[in-house]
Amino acid sequence: MQKNIKGQIQVYTGTGKGKTTASLGLLMRALGAGLKVTIIFFDKGGNFYSERKVLAKLKKLYPKKLDYYAFGTIRMVKGKGFRFANIVKDFSEARLALTQAKKLSQNKSLDLLILDEINTTVKTNLLTLKPIIELVKNKNEKLELVLTGRYCQPEILKLADLTTEMKDIKHYMSKGVPARAGIDY
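Residue numbers for the sequence shown, in our numbering: -12 to 172.
Pasting the structure below:
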């Protein structure tokens, strides 16, 4: 990161597609510029997310510049679709993710920290808003912090330096097209 420049707080929210995708694009750009980057996936358990396969390969190429952590349980139930109801392990996984995020937000050698789907954890009652606000307010001042997910709370939006709202205008899933590996996950 450039010296003496304050890290900004970015939010990607809204009902439209592309929040995680946008944050991964930023991660790639930062990594290409030689910055040290970390992404934490909240409430995204399981190994079927395609981006993690690429992150694993990139981590081998950039072992001192890239880290990623995935927390959460598997919500895709074979033959039944997505499991919306929280189970006990969902809560403990969210708390573990938040603990890791707080620790990393203080790391002075980290340039970019992405908290993927952290916004959604408040809406789904996995986390409360207060510790997230504290994390944002108390982050290392040079750290660029990105929070993604639907339902970003107004209190977080007030703290953000950049907010992008993905708006769902038209989506192929409404025509019955299922989620596809490599495109949607």
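Yeah, the Cβ is synthetic: ideal placement off N, Cα and C, and Gly gets one too. Just so it is clear, the structure is predicted and the values come from calculations on it, not from any experiment.
Spatial neighbours of Gly169 in its chain, beta-carbon cut-off 7 Å, leaving aside the 5 residues before and after
Ser37
Looking at the structure shown, is Met63 part of a helix, part of a strand, or coil, going by DSSP?
strand
Can you tell me whether Tyr138 is helix, strand or coil according to DSSP?
coil
Per the contact definition of three or more C-beta pairs closer than 8 Å, is the segment 43 to 56 in contact with the segment 10 to 28?
yes
State yes or no: is the beta carbon of Gly169 nearer than 9 Å to at least one beta carbon in chain B?
Going by chain labels, chain B is absent from the structure shown, which holds only one protein chain.
Do Lys129 and Asp98 have their beta-carbon atoms positioned less than 9 Å apart in this structure?
The answer is yes: Cβ separation under 9 Å.
Check whether the segment 98 to 115 and the segment 5 to 15 are in contact - that is, three or more C-beta pairs closer than 8 Å.
yes
Is the separation between the beta-carbon of Phe78 and that of Leu113 shorter than 9 Å?
yes
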